[in-house]
Amino acid sequence: MTKLRPRVSEPSAKPGDDQEEGLAEGTLMSHLMELRNRLFIVFGSVFGVFLVLFPFSKPIFNIASEPLRSVLPGGQLIATGTASPVIATLKLSFYLSLMIAMPIVLYQLWAFVAPGLYRKEKRFAFPLLATSIVLFYCGLAFAYFIVFPLIFKFVVAFTPESVSYMPDITDYIGFVMMLVLVFGLAFETPVATVLLVWTGLTTVKKLGTARPYVFLGAFVVGMLLTPPDVISQIMLAVPVYLLYEVGILMAKLFKSDPVK
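The numbering used here numbers the first residue of the sequence shown as 282 and each following residue consecutively.
Right, here's the structure in full:
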């Protein structure tokens with residue numbers, strides 16, 4: 282007969298392990314709840330601004346279309362679709378709402394990650410947040426006041442005399458809003474550079490040695506994100522590279538020595 286081995290009971294989990302697991306689950310749930318609340322604030326802010334802007338969509342459209350209308354022979358755009366006027370004004374109001382609410386969006390992002398920052402990083406985080414907001418709006422202004430007039434003058438100048446250049450309002454709004462957002466985000470290059478150094482993904486020295494590649498990459502990005510004309514590509518690539526140099530200087534100033 283075979284002898285039966287005595288059953289060895291599994292070691293019971295330590296009370297401390299259960300407490301740590303419960304604490305981890307509670308921390309995760311609290312983070313998810315906080316993220317949900319901050320997303321509600323972001324969406325609510327954008328929607329609130331949209332409700333304010335939409336009743337004034339006609340004068341806002343006149344301002345947004347001024348760079349193109351000022352160089353058109355007739356000074357007017359056309360609507361080729363049945364619902365084009367409504368779609369164009371809705372898109373314009375939404376994009377502008379997102380741009381106007383951007384400070385709230387960035388602040389909510391900063392408030393969510395702030396508890397995980399070091400004390401010295403928190404001291405520099407708020408100036409960095411303010412800088413990112415200013416740079417974003419500088420990118421919007423640069424696109425509207427400098428880039429758009431040059432692009433549209435270039436396009437109108439190359440239009441054959443036998444062609445009536447009359448852009449559709451929906452296409453125009455989609456084009457300019459996309460380009461405005463591209464320039465707004467491109468002007469965040471200094472902030473992105475500082476964050477790369479902060480997180481340890483790179484160093485100031487490596488950023489300096491990467492200048493030729495960044496210069497070439499700026500033109501590649503300009504070629505991919507802007508219309509197929511040399512002017513708009515240069516107008517995006519040159520500021521991005523110059524802002525990269527500004528980012529290197531900022532990284533030297535904001536370089537942190539993490540101390541809790």
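Idealized CB from N, CA, C, for every residue including glycine. Predicted model, so just to flag it, every value in this text is computed and none were measured.
(message) Against chain C, with Cβ distances strictly below 8 Å, would SER338 count as a contact?
(response) Chain labels in this structure do not include chain C; a single protein chain is all it has.
ask   = Considering only residues of the region 472 to 503, which uninterrupted beta strand (DSSP E) runs meet the minimum length of 3 residues and lie entirely inside it, listed in chain order?
value = none
* Complete runs of the alpha helix (DSSP H) confined to the region 375 to 459 [at least 4 residues] -> 383 to 394, 400 to 423, 429 to 438
Using 8 Å for Cβ pairs, my map puts PHE433 next to LEU349. What's the rounded Cβ distance?
Against the sequence shown, residue 433 aligns to sequence position 152. Against the sequence shown, residue 349 aligns to sequence position 68. So it is a contact: roughly 5 Å between Cβ atoms.
- Please list, in chain order, all residues of the same chain as ASP538 whose beta carbon is under 7 Å from its beta carbon, the five residues on each side excluded. In the sequence shown, counting from the first residue as 1, residue 538 sits at position 257. With a pLDDT of 48 at ASP538, under the threshold of 50, the modelled position of that residue is not reliable, and the figure given next carries that caveat. Around ASP538: LYS401.
Please report the distance separating the alpha-carbon of TRP391 from that of ALA467.
Locating residue 391 in the sequence shown gives position 110, counting from the first residue. Locating residue 467 in the sequence shown gives position 186, counting from the first residue. Taking the straight line joining both Cα atoms gives about 19 Å.
key: Pick from ILE515, PHE429, ALA499 that is closest to VAL352, judged by C-alpha positions   = As a working mapping, residue 352 is identified with position 71 in the sequence shown. Here the closest residue by C-alpha is PHE429.
- Proximity below 8 Å, CB of ILE512 to CB of LEU421: Numbered from 1 along the sequence shown, position 231 holds the residue referred to as residue 512. Numbered from 1 along the sequence shown, position 140 holds the residue referred to as residue 421. No; because the gap between Cβ atoms is not below 8 Å, this pair is not in contact.
#### Entry: Residue span of the alpha helix (DSSP H) that contains SER338, given as start and end
For the purposes of this step, residue 338 is taken as residue 57 along the sequence shown, with counting starting at 1. It spans 338 to 345 - the alpha helix (DSSP H) in which SER338 sits, taken as one unbroken run.
Could you name the residues of the same chain whose beta carbon sits closer than 8 Å to that of ILE322, not counting the 5 residues immediately before and after it, in chain order? Here residue 322 refers to the residue found at position 41 when the sequence shown is read from its first residue. Hits under 8 Å: ILE385, GLN389.
Original post:
DSSP beta-bridge partners for ILE359?
Top reply: Residue numbering aside, residue 359 sits at position 78 when the sequence shown is read from its first letter. Per DSSP, ASP449.
Does MET516 pass the burial test, meaning 16 or more other C-beta atoms within 10 Å, or should it be called exposed? Position 235 of the sequence shown, counting from 1, holds the residue named residue 516. Buried, because 16 or more other Cβ atoms sit within 10 Å of the Cβ of MET516.
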